[in-house]
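Asker: Starting off with a structure, shown below.
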Amino acid sequence: MISVKEASMVYDNGCRALNKVTFRIEEGEFVFLVGASGSGKSTIIKMLTAEVRPVEGRVLVNNFNIGKIKKREIPYLRRTLGVVYQDFRLIENKTVYENVAFAMRAIGASGKAIKNRVPYVLELVGLIGKEDCRPVELSGGEQQRVAIARALVNNPRVIIADEPTGNLDPERSLELMVLFEKINELGTTVLIVTHAKELVDQFGKRVIMINKGEVASDQTGGYYTYEEE
Amino acid sequence: MKKSSIGYFLKEGFRNIFLHGFMSFAAVSVIVVCLIITGTTALISYDINLNIVKLQNESEIVVYIEDTYTTEEARAMEKTILQVDNVAKAEFEDKDTALEAYREELGENADLLDGFDSSNNPLRDAFHITMKDPSKVAATKAALESVDGIGNAVANEEVVARLIQLQRMFQAISVTLVVALGLISIFIIANTVKLAMLARRREISIQKMVGATNWFIRWPFVIEGLVLGLLAGAIAFGLEWALYEQLSGFILDNLPQFTMAEFQGLMFYVLGIFAGAGVIVGVGGSSLTIRRFMDV
Numbered sequence: 001m002i003s004v005k006e007a008s009m010v011y012d013n014g015c016r017a018l019n020k021v022t023f024r025i026e027e028g029e030f031v032f033l034v035g036a037s038g039s040g041k042s043t044i045i046k047m048l049t050a051e052v053r054p055v056e057g058r059v060l061v062n063n064f065n066i067g068k069i070k071k072r073e074i075p076y077l078r079r080t081l082g083v084v085y086q087d088f089r090l091i092e093n094k095t096v097y098e099n100v101a102f103a104m105r106a107i108g109a110s111g112k113a114i115k116n117r118v119p120y121v122l123e124l125v126g127l128i129g130k131e132d133c134r135p136v137e138l139s140g141g142e143q144q145r146v147a148i149a150r151a152l153v154n155n156p157r158v159i160i161a162d163e164p165t166g167n168l169d170p171e172r173s174l175e176l177m178v179l180f181e182k183i184n185e186l187g188t189t190v191l192i193v194t195h196a197k198e199l200v201d202q203f204g205k206r207v208i209m210i211n212k213g214e215v216a217s218d219q220t221g222g223y224y225t226y227e228e229e
Numbered sequence: 001m002k003k004s005s006i007g008y009f010l011k012e013g014f015r016n017i018f019l020h021g022f023m024s025f026a027a028v029s030v031i032v033v034c035l036i037i038t039g040t041t042a043l044i045s046y047d048i049n050l051n052i053v054k055l056q057n058e059s060e061i062v063v064y065i066e067d068t069y070t071t072e073e074a075r076a077m078e079k080t081i082l083q084v085d086n087v088a089k090a091e092f093e094d095k096d097t098a099l100e101a102y103r104e105e106l107g108e109n110a111d112l113l114d115g116f117d118s119s120n121n122p123l124r125d126a127f128h129i130t131m132k133d134p135s136k137v138a139a140t141k142a143a144l145e146s147v148d149g150i151g152n153a154v155a156n157e158e159v160v161a162r163l164i165q166l167q168r169m170f171q172a173i174s175v176t177l178v179v180a181l182g183l184i185s186i187f188i189i190a191n192t193v194k195l196a197m198l199a200r201r202r203e204i205s206i207q208k209m210v211g212a213t214n215w216f217i218r219w220p221f222v223i224e225g226l227v228l229g230l231l232a233g234a235i236a237f238g239l240e241w242a243l244y245e246q247l248s249g250f251i252l253d254n255l256p257q258f259t260m261a262e263f264q265g266l267m268f269y270v271l272g273i274f275a276g277a278g279v280i281v282g283v284g285g286s287s288l289t290i291r292r293f294m295d296v
């Protein structure tokens with residue numbers, strides 16, 4: 001569960017990125033976070049992953065209070081989240097299997113647990129048969145599926161995807177969104193930051209629109225009606 | 001630390017070493033050189049100390065009683081002499097015994113002393129003084145000379161003083177080298193680990209993103225520093241052994257009266273100190289770098 005209440009964020013250079021933002025995402029929801037470049041979407045993601053802290057207000061993510069979280073608790077917060085980025089952030093010299101297993105290894109999972117879990121997740125994202133490929137041998141869509149598999153492998157409660165379709169063509173983008181929908185149907189909360197207006201409209205999910213660091217609209221089953229200035 | 005992770009940490013630590021083979025080689029080489037220089041200086045200082053102690057233990061002060069005193073009066077001075085600070089023992093040698101001893105010492109040339117007997121003995125009654133603390137020879141000698149009835153006192157203080165001076169110099173060089181070369185070694189290790197961390201920045205950021213703890217990320221780099229430090233310690237130990245054998249052979253050939261410790265008698269200390277120094281330098285150097293890289 002994510003609860004953001006009256007949260008503001010000011011960077012060290014004095015730039016106010018968020019101003020009294022309030023929204024709440026329940027377990028199992030599928031939400032699009034939309035807005036123009038520089039509107040504050042990425043700051044919200046950084047706040048949810050505890051890369052930055054709110055200067056005021058209250059941010060709760062899976063029972064962790066981001067404003068008061070201790071440094072040593074941050075890894076445990078992040079284990080409840082799976083984050084997917086636009087640039088995939090895969091390790092080039094590792095295979096698909098190793099990239100996904102790496103995330104499990106990083107939290108101290110046993111070899112047996114890795115052997116059991118990784119094939120299941122690769123099957124879920126449709127990458128069976130590509131286990132031994134390196135990222136460079138895959139298409140953009142496939143690379144993003146590896147990133148999603150990596151985000152999913154530790155069984156997080158929430159998947160946060162920051163512009164996941166930014167580097168993909170429309171067809172691959174649609175496939176990816178269908179995959180996120182499938183993941184959501186399996187019980188994982190999904191929060192997707194995107195610019196892809198057509199995709200957002202097509203899926204008809206809840207849309208939170210950010211404009212100039214504030215929540216401009218929050219409509220369940222809404223549409224991406226925001227026009228960039 | 002989870003058992004299942006230990007194998008991973010070791011594998012990654014060794015992988016880092018080979019990933020930047022040249023830097024690892026450079027780091028080990030620099031630490032080896034540093035350890036050998038400081039080790040050799042420390043061992044020589046130790047040997048000088050052995051010789052100082054030996055000389056001090058062998059050294060005594062001989063005080064000669066003024067010839068206006070009869071032998072009985074001279075012998076009676078023992079109590080006064082024993083009251084002088086730092087005097088442990090005072091052994092009386094009357095002038096007749098000294099004359100006989102001298103005659104024996106001269107051997108074939110004893111005829112030089114023909115014509116001398118107790119009636120015209122040119123020698124004086126004396127006390128052989130053993131000190132409680134031989135390093136205070138100068139002060140003790142001065143104190144004895146101020147006692148009424150003592151003509152003069154003789155000690156081999158100059159040799160001891162020079163050795164002490166030499167030892168102090170070696171100790172100062174040792175300390176300076178340990179500090180300077182230790183810092184250089186830490187710097188080199190820090191840079192080697194820094195290269196490994198730079199090469200793996202992306203992996204570190206992904207590890208942090210998926211919830212790895214800082215210690216999980218640190219361990220392979222700590223192990224890298226530890227292995228490099230231990231390896232350097234072991235190599236330096238072997239080389240130090242060979243070097244010391246050569247050095248002691250050379251010194252004993254040229255200065256047979258100089259005492260040098262056997263390396264075998266010191267090997268476990270040297271090994272322990274080299275391994276310990278290697279670990280401190282290795283882990284210290286890697287920790288310095290890791291700390292700066294952890295806020296990914």
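Chains as they are written, first to last, in the UniProt record's numbering: chain W, 1 to 229; chain X, 1 to 296. We put the CB at the ideal spot given by N, CA and C, even for glycine.
For residue 82(W), which of helix, strand or coil comes out of DSSP?
Answerer: Strand.
Asker: Just verifying my parser: in three-state terms, what is the DSSP assignment at residue 191(W)?
Answerer: Strand at residue 191(W).
Asker: Helix, strand or coil, according to DSSP, for residue 154(X) in the structure here?
Answerer: Three-state result, residue 154(X): strand.
Asker: Write down the C-beta distance between residue 9(X) and residue 219(X) rounded to the nearest angstrom, noting that I regard them as a contact closer than 8 Å.
Answerer: With a Cβ gap of about 4 Å, residue 9(X) and residue 219(X) count as contacting.
Asker: In the segment 94-117 of chain W, which residues sit with their C-beta less than 9 Å from some C-beta in chain X, listed in chain order?
Answerer: Those residues of the segment 94-117 of chain W that come within reach of chain X (Cβ to Cβ, closer than 9 Å) are 94, 99, 102, 103, 104, 105, 106, 107, 108, 109, 110, 111, 112 and 113.
Asker: What residue range does the alpha helix (DSSP H) around residue 103(X) cover?
Answerer: Unbroken alpha helix (DSSP H) run through residue 103(X): 95-106.
Asker: Could you give the residue range of the beta strand (DSSP E) that holds residue 219(W)?
Answerer: Its beta strand (DSSP E) spans residues 214-219.
Asker: To the nearest angstrom, how far is the alpha carbon of residue 40(W) from that of residue 181(X)?
Answerer: So the alpha carbons of these two residues sit roughly 51 Å apart.
Asker: Return the chain-ordered ranges of every beta strand (DSSP E) run that is complete within the segment 39-73 of chain X and spans a minimum of 3 residues.
Answerer: Entirely contained in the segment 39-73 of chain X, the beta strand (DSSP E) runs reaching 3 residues are, in chain order, 61-65.
Asker: Looking only at its chain, what residues have a beta carbon closer than 8 Å to the beta carbon of residue 28(X), apart from the 5 residues adjacent to it on each side?
Answerer: Around residue 28(X): 228, 231, 232 and 235.
Asker: Which of helix, strand or coil does DSSP assign to residue 130(X)?
Answerer: If DSSP states are grouped into helix, strand and coil, residue 130(X) belongs with the strands.
Asker: Determine, for residue 77(W), whether the minimum Cβ-Cβ distance to residues of chain X falls below 9 Å.
Answerer: Yes - at least one Cβ of chain X is within 9 Å of the one on residue 77(W).
Asker: Assuming contact is defined by CB atoms lying nearer than 9 Å, are residue 78(W) and residue 49(W) in contact in what I supplied?
Answerer: Their beta carbons are under 9 Å apart, which means residue 78(W) touches residue 49(W) by this criterion.
Asker: Mapping DSSP to helix, strand and coil, what is residue 260(X)?
Answerer: Note: residue 260(X) maps to coil in three-state DSSP.
Asker: Are there any heavy atoms of the ligand ADP lying less than 8 Å away from the beta-carbon of residue 6(W), as far as the coordinates show?
Answerer: The ligand ADP is not among the ligands present in this structure, which contains no ligands whatsoever.
Asker: With 9 Å as the threshold, decide whether the Cβ of residue 82(W) is near any Cβ in chain X.
Answerer: So yes, residue 82(W) belongs to the interface.
Asker: Within 10 angstroms of the Cβ of residue 96(W), are there 16 or more other Cβ atoms? Answer buried if so, exposed if not.
Answerer: Label assigned to residue 96(W): buried.
Asker: In chain order, what residues of the same chain have a beta carbon less than 8 Å from the beta carbon of residue 254(X), not counting five sequence neighbours either side?
Answerer: So no residue of the chain qualifies.
Asker: Counting Cβ pairs, one atom from each stretch, are 3 or more of them under 8 Å apart for the segment 174-194 of chain W and the segment 25-32 of chain W?
Answerer: The answer is yes - the segment 25-32 of chain W touches the segment 174-194 of chain W, with three or more Cβ pairs under 8 Å.
Asker: Name, please, each residue of chain W whose Cβ falls closer than 9 Å to the Cβ of residue 196(X).
Answerer: In chain order: nothing, as chain W lies at least about 14 Å away.
Asker: Consult DSSP for residue 208(W) and reduce its assignment to one of helix, strand or coil.
Answerer: Of the three classes helix, strand and coil, the one that applies to residue 208(W) here is strand, per DSSP.
Asker: Excluding the 5 residues flanking residue 122(W) on each side, which residues of the same chain have their C-beta closer than 8 Å to its C-beta?
Answerer: Correct list, in chain order: 96, 97, 100, 128, 130, 131 and 149.
Asker: How far does the alpha helix (DSSP H) with residue 140(X) in it reach, from first residue to last?
Answerer: It spans 137-145 - the alpha helix (DSSP H) in which residue 140(X) sits, taken as one unbroken run.
Asker: Rounded to whole angstroms, what's the CA-CA distance from residue 248(X) to residue 263(X)? Just pull it up for me.
Answerer: Distance between the alpha carbons of residue 248(X) and residue 263(X) is about 9 Å.
Asker: Would residue 214(X) pass as an interface residue toward chain W - the criterion being a Cβ-Cβ separation below 9 Å?
Answerer: At least one chain W Cβ lies under 9 Å of residue 214(X).
Asker: Can you tell me the Cα-Cα spacing of residue 158(X) and residue 259(X), whole angstroms?
Answerer: Roughly 18 Å between the two C-alpha positions.
Asker: Output the distance between the C-alpha atoms of residue 105(X) and residue 73(X), rounded to the nearest integer angstrom.
Answerer: Near 27 Å, if we compare the C-alpha coordinates of residue 73(X) and residue 105(X).
Asker: Looking at chain X, is there any beta carbon in it that lies within less than 9 Å of the beta carbon of residue 161(W)?
Answerer: Judged by the 9 Å Cβ criterion, residue 161(W) is not in contact with chain X.
Asker: Output, in sequence order along the chain, the residues in the segment 203-235 of chain X whose CB is closer than 7 Å to any CB in chain W.
Answerer: Residues 203, 206, 207, 209, 210, 211, 212, 213 and 216.
Asker: Less than 9 Å between the C-beta atoms of residue 179(W) and residue 206(W), yes or no?
Answerer: Their beta carbons are not under 9 Å apart, which means residue 179(W) does not touch residue 206(W) by this criterion.
Asker: Enumerate in chain order the residues of its own chain whose CB-to-CB distance from residue 296(X) is below 6 Å, with the five nearest sequence positions on each side excluded.
Answerer: Here the model assigns residue 296(X) a pLDDT of 45, short of 50, so the residue's position is not dependable and the matter cannot be decided.
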